[in-house]
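2 protein chains.
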Amino acid sequence: MAVTIKDVAKLANVAPSTVSRVIANNPRISEETKRRVREAMDYLGYHPNFNARSLANKSTQAIGVIMPSSADKVFQNPFFPEVIRGISTKAHEKGYSLYLSTGATEEEMFEGVVGMVQGRRVDGIVLLYSRVEDKIMSYLQKQKFPFAVVGKPYKNSESITHVDNDNFKAAKEVTEYLISLGHRNIAFVGGSQELVVTVDRLTGYEKAIRNAGISFHDEYVFQEEFLKEGGHEAVLELLSLKKPPTALVVSDDLMALGIMSKLDEMGLSVPDDISVISFNNVMLSEYARPPLSSVDINIFKLGYEAVDCLLDLISNPGISPRRVTVPYKIIKRQTVKDTSVESQGTR
Amino acid sequence: MAVTIKDVAKLANVAPSTVSRVIANNPRISEETKRRVREAMDYLGYHPNFNARSLANKSTQAIGVIMPSSADKVFQNPFFPEVIRGISTKAHEKGYSLYLSTGATEEEMFEGVVGMVQGRRVDGIVLLYSRVEDKIMSYLQKQKFPFAVVGKPYKNSESITHVDNDNFKAAKEVTEYLISLGHRNIAFVGGSQELVVTVDRLTGYEKAIRNAGISFHDEYVFQEEFLKEGGHEAVLELLSLKKPPTALVVSDDLMALGIMSKLDEMGLSVPDDISVISFNNVMLSEYARPPLSSVDINIFKLGYEAVDCLLDLISNPGISPRRVTVPYKIIKRQTVKDTSVESQGTR
DNA sequence: CTGAAAGCGCTTACAG
DNA sequence: CTGAAAGCGCTTACAG
């Protein structure tokens, strides 16, 4: 039905193997023959059958993208469209296609990945999250299947190719910034402790607190989902403290938006009553009211670089694992208040 | 290297063809044999090679998902993760994988689709947008390749399977709602006129305006990008009118958020100075301040149903085109003001 | 109920 | 520089 290599061969008066070589642009074929074959291909509207090609040369020119399961609320985070944009851009540059994971539960996701890998649907995989304990990551490692993770693996991070921000440093810096502005009661609101990114940011926050000689309080640490609902929960809890914080380091913009919305509802003002700074610098943070101060982690680049590493790994199987650190940038907008003047006044 | 059907056959003492039949759960194979073969598969950790299978039976069990080009700003709209969630759910239920389009420019996107189709990478395609003039849609139609569109095709809509809301009716209803509240100067802010959804909603708006005996003014119609930036532009333009509107029908939540942000910046209040109601009911609209009134178009279902239709089309090639209308629901929150009391007072 | 054989559309040593 | 042949790992009439 569809036009095959044989049809082209016949029309161009060459063997099928020659057509194949022309497609691969094999230098041993004469320019004259190439021209003739290409003409025939154009004339017939030939397009190679990917399945046949993959079967024959054991390469699919496709990479698998593993997101959190679709039932997961995290899925709604604008982080994902943006990493995918980065991934898609690099993949397209290099002529690779994208395969998306599906599956509602964790178990289904795992089965999906196994199917992708064993079924030879993809040449490599990029993992869009990093958890403390992750079945998929362990599996990929055991199989020695090429993969790159966006984020930092919890263990064996030296032996796994990954691209990440320096989240420890970023959180530390952000906290120091708040401290330099006179804040002493600073709380941390993070996502699930399961996620390595939460752990890293919390550690950076804690380091800054201790460095400044402020005592670290457990009740200033909140763990919620990476979502607005999470932000709401956090507000309720932190306001019930005997000594509520004057500033918040929040691990995700959406969560920060949720916090601001709740605070507003309760009649509290940001930044006058409480300062907020968060992570990701998703498009929305710019348009929040007041515009949200946030750490730009360069999501696009995270995805773009992950694919770059992965493709490297695919073409040079023996290569040693790479670690790419994508720079971040603190974007100061209007949700942080300088209290140092005040605190001097009340001294 | 990987374990194949032959290895399984050898271990189970049957022919490869029998193993193949067991995989397909062919009823002509005895239960006893099936048991033995399955045991061998489990023991060896067998997984079928998808490429070989696709090549042999001309079916990939994968569907292609075509989004706007990644360079397109629309890509950032939370609409997409949500349709994809719907698509992914249905696809996974039916054992289908997802293939994502890539490509920055329109031309690249088109080439990508042609490659997918001719290269037999997918069994069918779902198109996530509908434009007035679209090369990809025409191509798919000419090729008679199975596809479903989310949205309404501009022409030949009876011969193309698609799932959509009744956008005309929804926009009409929303406008009538505003009118019933005493508004007379109502503007429409839509996305690109290229998109059929814009056209439909504009038509519904106009119908309601005329039905109410209000004269329709061109300067009350704004076309911007489906984004916050678009919202900003719109505000500037509409406030420069000699008779600024008291209410806005906005075709997209993000745009509405942009409008509200800009309005706030200029010292105008929603809904006191101007009422706003928009479309999509994206998660964010609930957390906006004030919470945004919006038409819930059930994005998840749009994607879910599109895949359902597509799979139908794939398994029954002769079937006649389906049209599914997904119900919408107006979610009234706090951005619309009832002016009828006031207008009576000033009579 | 099961097997032998041909075929899906490519690629790639091996020859020449 | 080019061709004939085998092979990638499945499926599916055709036989029996």
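One line per chain: the protein sequences are V and B, in this order. Its first residue numbered 1, the first sequence is counted upward by one per residue in the UniProt record's numbering. Its first residue numbered 1, the second sequence is counted upward by one per residue in the UniProt record's numbering. Cβ atoms here follow ideal geometry from the backbone N, Cα and C, with glycine treated the same way. Just so it is clear, the structure is predicted and the values come from calculations on it, not from any experiment.
is_contact[Asp264/B, chain V] using C-beta, thresh 8 angstroms: yes
The segment 79–94 of chain B contacting the segment 293–303 of chain B, beta-carbon criterion three pairs below 8 angstroms: yes
Classification of Pro205/B by the beta-carbon crowding that lies within 10 angstroms, buried from 16 upward: Residue 205/B is actually Tyr in this sequence, not Pro. The residue is buried, with at least 16 neighbouring Cβ atoms inside 10 Å.
Chain-ordered neighbours of Met41/V on chain B, where CB pairs are closer than 7 angstroms: In chain order: nothing, as chain B lies at least about 12 angstroms away.
Distance between Glu108/B and Ile209/V (C-alpha atoms, nearest Å): 50 angstroms
Touch test, the segment 87–94 of chain V against the segment 264–282 of chain V, Cβ-Cβ under 8 angstroms, three pairs minimum: no
Run of the alpha helix (DSSP H) containing Ser285/V, from where it starts to where it stops: Looking at the DSSP string, the run of the alpha helix (DSSP H) that includes Ser285/V is 283–287.
Residue ranges of each beta strand (DSSP E) within the segment 52–132 of chain V, 3 or longer: 62–66, 97–100, 124–127
Test: Lys99/V CB closer than 8 angstroms to a CB of chain B: Reading the sequence as shown, one finds Tyr at residue 99/V and not Lys. Yes, Tyr99/V counts as interfacial toward chain B.
Closest Cα partner of Pro153/V within the set Asp296/V, Arg38/V, Asp164/V: Asp164/V
DSSP bridge partner residues for Lys135/V (one or two, in chain order): Paired residue(s): none; Lys135/V is not in a bridge.
Proximity test, Cβ basis, 8 angstroms: Leu241/V and chain B: no
Below-8 angstroms beta-carbon distance, Leu284/B vs any chain V residue: yes
Limits of the unbroken alpha helix (DSSP H) element including Ala208/V: For Ala208/V, the enclosing alpha helix (DSSP H) starts and ends at 196–211.
Three-state class that DSSP yields for His47/V in the structure shown: coil
Local Cβ density within 10 Å of Ala234/B, reported as buried at 16 or more and exposed below that: Answer is buried; the Cβ neighbour count reaches 16.
Chain B contacts from the segment 243–275 of chain V (Cβ-Cβ distance under 7 angstroms): Leu257, Gly258, Ser261, Asp264
Option nearest Lys155/V by Cα separation, candidates Lys135/V, Phe145/V, Lys169/V, Lys172/V: Lys135/V
CB-CB length for Ala171/B against Arg201/B, believed under 8 angstroms: The pair is a contact, with the Cβ atoms about 4 angstroms apart (cut-off 8 angstroms).
Whether Leu100/V touches Val65/V by CB criterion (8 angstroms): yes
Proximity below 8 angstroms, CB of Val132/V to CB of Ala306/V: no
Rounded straight-line distance, which links the Cα of Ile179/V to that of Ser343/V: Confidence is the limiting factor: at Ser343/V the pLDDT is only 47, short of 50, which leaves the residue's position unreliable and the question unanswerable from this model.
CA-to-CA distance, Val22/B to Val37/B, given in whole angstroms: 7 angstroms
Proximity winner among Ile297/B, Asp273/B, Val324/B, Ile331/B, relative to Thr339/B (alpha-carbon distances): Asp273/B
Sheet register partners of Gly190/V (DSSP bridge): Gln223/V
Delimiting residues of the beta strand (DSSP E) encompassing Ser278/B: That run of the beta strand (DSSP E) goes 275–279.
DSSP-derived helix/strand/coil call for Ala2/V: coil
Chain-ordered residues of the UniProt domain "HTH lacI-type" (3–57) of chain V with a beta carbon less than 7 angstroms from chain B: Using a CB distance below 7 angstroms, the part of the UniProt domain "HTH lacI-type" (3–57) of chain V facing chain B consists of His47, Pro48, Asn49, Phe50, Asn51, Ala52, Ser54, Leu55, ordered along the chain.
Host alpha helix (DSSP H) of Lys329/V (start-end): Here Lys329/V belongs to no alpha helix (DSSP H); instead the beta strand (DSSP E) covers 329–331.
Under the three-state DSSP convention, the category Leu302/V falls into: helix
Candidates Met67/V, Gly318/V, Tyr96/V: closest to Met137/V by CA position: Met67/V
Outcome for Lys329/V when other beta-carbon atoms lying within 10 angstroms are tallied against a minimum of 16: Result: exposed.
Rounded C-alpha distance that separates Thr346/B from Leu284/B: Residue placement at Thr346/B is poorly supported in this model, since its pLDDT is 40, which falls under 50; the coordinates still yield a value, given next. For Thr346/B and Leu284/B, the distance between alpha carbons rounds to 37 angstroms.
For Thr325/B, the first and last residue of its enclosing beta strand (DSSP E): Looking at the DSSP string, the run of the beta strand (DSSP E) that includes Thr325/B is 323–325.
Simplified DSSP assignment, three categories, for Phe216/V: coil
Distance, Lys332/B Cα to Ile297/V Cα: Between Ile297/V and Lys332/B, the C-alpha separation is close to 36 angstroms.
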